[in-house]
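Read left to right, the sequence shown gives residues 9 to 239 (the working numbering). Here the structure comes first, spelled out in structure tokens, and everything after it is commentary.
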Amino acid sequence: MIVALNNKSNFTKEEFIKYLDELSTIETKHKIILCPTSVNIALFDIDNVSLGAQNVSNNLAGAHTGEVNADQLESFKVKYCLVGHSERREEQHITSKDTNKKIKQLLDNHITPILCVGETKEQRVHKNYRAVIREELLTAIKDLEEEEIKRIIIAYEPIYSIGTGIVPTNDEIIEVLNIIKKILPDNKILYGGSANEDNIDTLKEIKEIDGFLLGGLSLEVEKLKLFLEKI
Ligand code: 13P
């Protein structure tokens, strides 16, 4: 399984160095990808975990104040990068068109995009979540070659589940995974949203899942180890 850790905007320099020490003690057969806050990327120095980023610029190097581009990420040995996380869609107004540009930048620089898709509670209640997921996927992969599309990892993260402790039923998750698989039959799919060491026994029954994207649990290494033992 793939387990991607999204630190979000957490850990000062000193805290991150201590965290890396703890993370370096993890022994597992699973593939672990750590996506630290961008300033902490330069501190990454462990080899039992792969390095990811949480965001990339839509653009090449140049006059884009505050942006980190894919070429720079690659130069720091970043191998994976989250794209279109719902927190960035909401807080930074990232659109699906932006995700398409970011994916192109990443693929051009040999970095595997982890494309996040997911619906709000309102979209689920109003039953337009299927259309939302389809739009997020189809716009993100527009004009890409088939071989490029296959390199993308998808993360299904229902927005109402992120950081809330609310996890959809397995049937609800499977329905969306099948929508994704209909469009992208060959891509790996992760689930994210309040996944933890307590609910993993239920979540791991879903055969369609290739791994998990963890937020809160990524910050607590002892609990993360329990989680990894269970999958
Ligand atoms: P939580 O695991 O804290 O719900 O966060 C999920 C997430 O947003 C990972 O990208």
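All C-beta atoms in this analysis are idealised placements derived from N, C-alpha and C, irrespective of residue type, glycine included. Given the structure is predicted, the values throughout are model-derived calculations rather than measurements.
Can you give the Cα-Cα distance for K1 and F220, rounded to whole angstroms? One cannot answer for residue 1 here, as it falls past the ends of the chain, which runs 9 to 239.
Buried versus exposed, by CB contacts within 10 Å (16 or more), T107: It counts as buried.
Using only the alpha-carbon positions, how far apart do I102 and L51 sit? When the Cα atoms are used, I102 and L51 turn out to be separated by approximately 27 Å.
Does DSSP classify T107 as helix, strand or coil? When secondary structure is reduced to three states using DSSP, T107 falls in the helix class.
Quick check on the burial criterion: 16 or more other C-beta atoms within 10 angstroms. Buried or exposed for S202? Counting Cβ neighbours within 10 Å, S202 comes out buried, since at least 16 surround it.
Outcome for F24 when other beta-carbon atoms lying within 10 angstroms are tallied against a minimum of 16: Flag for F24 reads buried.
How many Å lie between K212 and D53 at the Cα? When rounded, the distance between both Cα atoms is 31 Å.
Verify whether the separation of the beta carbon atoms of I141 and V184 is less than 7 Å. For I141 and V184, yes; Cβs fall inside 7 Å.
Please list, following the chain, all residues that have a C-beta closer than 6 Å to any non-hydrogen atom of the ligand 13P. Per the Cβ criterion, the list is N14, H93, E165, I170, G171, G200, G201, S202, A203, L221, L222, G223, G224 and L225.
In chain order, which alpha helix (DSSP H) runs of at least 4 residues are fully inside the stretch 194-227? Segments of the alpha helix (DSSP H) lying fully in the stretch 194-227: 208-211.
Should H93 go down as buried or exposed, given a rule of 16 or more other Cβ atoms within 10 Å for buried? Counting other Cβ atoms within 10 Å of its Cβ, H93 reaches 16 or more and is therefore classed as buried.
Could you please give the first and the last residue of the uninterrupted alpha helix (DSSP H) stretch that includes S83? Looking at the DSSP string, the run of the alpha helix (DSSP H) that includes S83 is A78 to S83.
Whose C-beta lies closer than 7 Å to the C-beta of K105 among residues of the same chain, with five residues either side of it excluded? T147, listed in sequence order.
Y27 - containing alpha helix (DSSP H), residue span: In the DSSP assignment, Y27 falls within the unbroken alpha helix (DSSP H) covering K21 to L31.
For the 8 Å Cβ check, are there 3 or more pairs between the stretch 114-132 and the stretch 156-174? The answer is yes - the stretch 156-174 touches the stretch 114-132, with three or more Cβ pairs under 8 Å.
Checking 7 Å against the spacing of the C-beta atoms, do T33 and L236 come in under that value? No.
Taking the CB atoms as reference points, tell me whether I122 and A71 lie closer together than 7 Å. Their beta carbons are not under 7 Å apart, which means I122 does not touch A71 by this criterion.
Give the secondary structure of I255 by DSSP, where H, G and I count as helix, E and B as strand, and everything else as coil. One cannot answer for residue 255 here, as it falls past the ends of the chain, which runs 9 to 239.
Cβ atoms of A69 and N77: under 7 Å apart, would you say? Yes, the pair counts as a contact, with Cβ atoms nearer than the cut-off.
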